[in-house]
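Below: one structure, written as structure tokens.
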Amino acid sequence: MFEDRLLVRRFNAGDTQALRRIYEKYRSDLFHVAGALLNGPAVVEDVVHDVFVAFASQAGHFELKGSLKGYLAICVANRARNVIRQARQIGPERLAERRPEPARQPDSSELVSDAELHQRVRAALAGLAPEQHQAIVLHVLGSLRFREIARQTGEPINTVKSRYRYGIAKLRSLLDGQVEP
Amino acid sequence: MNRPKRIQSLIKVACRKGSGESDWTSADERIVSDASTVMRQACTHNQRVTRVCIWRTIMKNRRTRLATAAALAAAVVLSVAVMDWLAPPAWAIGQTVNALKGVRSIVIRGVGYDNGTADPFTLSIRPSQDGAEGLDMRVECQEQLIVVQGKKAWVYWPDKNVVNIYDDVTTSYGMMRDLKWWYDLAALNPWVTGKILAATKHIAKDWEEAYGQDERTGRDSVFVTCAYGSESRFWFVCDLETKLIVEAKYWNWSSPDPEGQPACHATSFAYNEDLNDAVFEFQIPEDAKIVDKAKTRKVEQEARVLSDRAERLFMEGKYAASIDTYQQVYDRFPDLTDGVPASTALCMMGSAYRMLGKPQKAIEVLRKQLAEYGHLEGCESTHYSLGLAYMDMGEKEEALKAFERCLAMGEGRRDPEGFPLKNARDAIAQLKGE
């Protein structure tokens, strides 16, 4: 957190090394968040690219409120949501290119391989309501606390927690029988 | 593992495995490269905008620089006090940390130089005694005395017999605002901590350490050099036995030669001197004119809010709205803080009119600024803007006059390689080359 404030100070002073450090520090989390919200490496890369370029355009007057990671992760999530919205406007056939198919209800007796299970988890996630999907991705993959998500999104913290809880419950039902206690 | 945890774990594994992480490496350079390009453009734009805005620089007179230099010198001292993680083996800086853990006061004596004129100063500093955020500080030189108690401050000019009283230096306008940087660091912790070191190390560049004998004392020492931004550089000496700083120098744009005379030379550092509370008290001299900044603070804040709003509109490219807002600043606060906000407003209105393609209007307001506030420092920027407006009008002779006036006014007062002097020289070369 403290390092972030110093990095932002250097970033605002025009230090490109600070920008690079910020990128290297959070790229992995941001790609994971984008990757969990979108389908396809190209669109994931575009979203992270756009977020960083937009962030860089604020050099000189960027004010850090809350955590830098939280800010960037929310930017990625928002941009991913915009991409999905645009895809919806383009047409459902294009949407299918960008989001995975909803989860297929598994046969409880079906034995699935790890890879298959992972595919089903991703599909189940994609089948959640967007708000629940985002809350889970930001909390689990972005490692953001609920308070940070609430601060960055402007939502009440209880709303964020509820979305996460309902999302997890729905995932459990979608993946019933495949998640061992 | 309970079920929700198992689901969380599954999500992590599933999404990370399926995210094509190995593909990102190829994207890294493109993203960083594009972002860096955009960042440089943004900084150039911001510099252009903020440089036109003389609001802040106008108050940076020589007295301010001395106070700032002294404060920065002290900041370096505080930083060195805790640079344990920087220490190479030969410089057992961890011991410096220990040596300075008990330091409860520092007195720095030295000389500030302004255009070759030496001005001796004494800077005394200690943590705020009432437990409040900030420091107690006294800076004394020929022309000025500054006493800071926590956030309250008195600035006294003996030659004018004028006292400015500030109830909160961190929110005040003008020269005391320069201490904001100092307080930003101090606010991390009121006294010596590793956080200040971390700040120093992160902000500094070209950090170098060399070992040798101090010519003054003949003792083994470490010599540290570092730079802040493009204009400021520090050099200081740490005694290897006592682990304490014994000498420091500070250069800025007015002293570009690193081998030459610095802007500030701290020649002695006294640690744990018994500083009487009276050192940090200020008695208002008899018959002194008192300017109580607390009384004008609310008005100053209003002016600042309005000015900031206008500046933001300008930066967003909403020039017409920016002009309207700056006009309000000019109308409502024509005399506030010697007219600085109003003067700045006129200067910015000139730039906004130029951006709207109305150079005639720009010339009108810039001329107005020079007529009403031409006595303020920083008006060389206005002459530069005026020159640009005349260029827009195709009036080369008038443009040349304005640029040359800018150079004449800024000589010895502004960085010759910075805005607006360099820009004015370039513009003159361009005009003469045509």
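Which chain is which? The protein sequence lines are X and W, in order. Everything in the first sequence is counted per the numbering used here, starting at 40 for the first residue and increasing by one. Everything in the second sequence is counted per the numbering used here, starting at 9 for the first residue and increasing by one. Glycine included, C-beta positions come from ideal geometry on N, C-alpha and C.
9 Å Cβ cut-off: residues of chain W touching residue i
| i | result |
| --- | --- |
| Phe-185 of chain X | The contacting residues do not exist; Phe-185 of chain X stays about 14 Å from chain W at best. |
| Leu-37 of chain X | There is no way to answer for residue 37 of chain X, as the model of chain X reaches only from 40 to 220. |
C-alpha distance - residue i paired with residue j, whole-angstrom precision
| i | j | result |
| --- | --- | --- |
| Asp-343 of chain W | Glu-308 of chain W | 11 Å |
| Lys-203 of chain W | Leu-103 of chain X | The pLDDT assigned to Lys-203 of chain W is 42, lower than 50, so where the model puts this residue is not dependable, and the model offers no usable value. |
| Val-115 of chain W | Phe-277 of chain W | 6 Å |
| Ala-235 of chain W | Tyr-121 of chain W | 19 Å |
| Asp-157 of chain W | Asp-144 of chain W | A quick correction: the sequence has Gln, not Asp, at residue 157 of chain W. Going from the Cα of Gln-157 of chain W to the Cα of Asp-144 of chain W covers about 5 Å. |
| Glu-388 of chain W | Val-170 of chain W | 27 Å |
| Glu-403 of chain W | Ile-371 of chain W | 12 Å |
| Ile-379 of chain W | Gly-347 of chain W | Checking the sequence shown, residue 379 of chain W turns out to be Ala, not Ile. So the two alpha carbons sit approximately 12 Å from each other. |
| Arg-44 of chain X | His-178 of chain X | 22 Å |
| Leu-46 of chain X | Leu-58 of chain X | 8 Å |
| Ala-43 of chain W | Glu-425 of chain W | 27 Å |
| Leu-156 of chain X | Leu-18 of chain W | 9 Å |
| Pro-293 of chain W | Val-163 of chain W | 12 Å |
| Gln-16 of chain W | Cys-23 of chain W | 11 Å |
| Leu-111 of chain X | Thr-192 of chain X | 12 Å |
| Asn-284 of chain W | Leu-153 of chain W | 17 Å |
| Asp-127 of chain W | Arg-146 of chain W | 16 Å |
| Glu-148 of chain W | Val-155 of chain W | 8 Å |
| Leu-210 of chain X | His-71 of chain X | 19 Å |
| Glu-84 of chain X | Phe-129 of chain W | 57 Å |
| Ala-416 of chain W | Gly-109 of chain X | 50 Å |
| Ile-175 of chain X | Arg-49 of chain X | 32 Å |
| Tyr-62 of chain X | Leu-164 of chain X | 27 Å |
| Gly-226 of chain W | Leu-131 of chain W | 26 Å |
| Leu-213 of chain X | Gln-171 of chain X | 14 Å |
| Ala-50 of chain W | Gln-97 of chain X | 7 Å |
Proximal chain X residues relative to residue i, where beta-carbon distance stays under 7 Å
| i | result |
| --- | --- |
| Cys-23 of chain W | His-71, Gly-74, Ala-75, Arg-161, Leu-180 |
| Met-356 of chain W | Within chain X, no residue comes near Met-356 of chain W; the closest Cβ sits about 16 Å away, beyond 7 Å. |
Beta-bridge pairing of residue i - partner residues as DSSP gives them
| i | result |
| --- | --- |
| Ile-173 of chain W | W:Trp-162, W:Asp-300 |
| Gln-157 of chain W | W:Asp-144, W:Lys-160 |
| Lys-257 of chain W | W:Trp-243, W:His-273 |
| Ser-132 of chain W | W:Val-115, W:Arg-146 |
| Tyr-279 of chain W | W:Ile-114 |
| Val-232 of chain W | W:Glu-217, W:Phe-244 |
| Thr-125 of chain W | W:Asp-122 |
Same chain only: Cβ atoms within 7 Å of residue i, ignoring 5 sequence neighbours per side
| i | result |
| --- | --- |
| Asn-431 of chain W | Tyr-392 |
| Lys-200 of chain X | Phe-185 |
| Val-165 of chain W | First, the residue type needs correcting, since residue 165 of chain W is Trp and not Val in the sequence shown. For Trp-165 of chain W, where only same-chain residues beyond five positions count, the Cβ hits under 7 Å are Glu-151, Gln-152. |
Chain-ordered neighbours of residue i on chain X, where CB pairs are closer than 8 Å
| i | result |
| --- | --- |
| Ser-44 of chain W | Thr-55, Leu-58, Arg-59, Ala-95 |
Per-residue contacts from residue i into chain W (C-beta, under 7 Å)
| i | result |
| --- | --- |
| Leu-210 of chain X | Ile-15 |
Close-in-space but distant-in-sequence residues of the same chain around residue i (CB under 6 Å, 5 per side omitted)
| i | result |
| --- | --- |
| Tyr-334 of chain W | Ala-318, Ala-353, Met-356, Met-357 |
| Pro-349 of chain W | Ala-311, Ser-315, Val-337, Phe-341 |
| Val-245 of chain W | Asp-222, Ser-229, Phe-231, Val-254, Glu-255 |
| Ala-296 of chain W | Asn-169, Val-171 |
| Thr-304 of chain W | none |
| Ala-274 of chain W | Ala-81, Ile-116, Gly-118, Ala-256 |
| Ala-73 of chain X | Val-83, Val-86, Val-87, Val-115, Ala-119 |
| Glu-217 of chain W | Val-230, Val-232 |
| Ser-240 of chain W | Asn-260 |
Interface flag, residue i vs chain W, CB-CB below 8 Å
| i | result |
| --- | --- |
| Val-92 of chain X | yes |
| Arg-66 of chain X | yes |
| Glu-170 of chain X | no |
| Leu-103 of chain X | no |
| Leu-111 of chain X | no |
| Leu-107 of chain X | no |
| Tyr-205 of chain X | no |
| Glu-84 of chain X | yes |
Interface flag, residue i vs chain X, CB-CB below 8 Å
| i | result |
| --- | --- |
| Met-145 of chain W | no |
| Met-47 of chain W | yes |
| Gly-441 of chain W | no |
Proximal residues to residue i (C-beta, below 8 Å), its chain only, five neighbours per side dropped
| i | result |
| --- | --- |
| Arg-204 of chain X | none |
| Asp-167 of chain W | Glu-151 |
Contacts of residue i in chain W (Cβ-Cβ under 8 Å)
| i | result |
| --- | --- |
| Glu-175 of chain X | Residue identity check: residue 175 of chain X is Ile in the sequence provided, not Glu. Going along chain W in sequence order, the residues near Ile-175 of chain X (Cβ under 8 Å) are Ile-19. |
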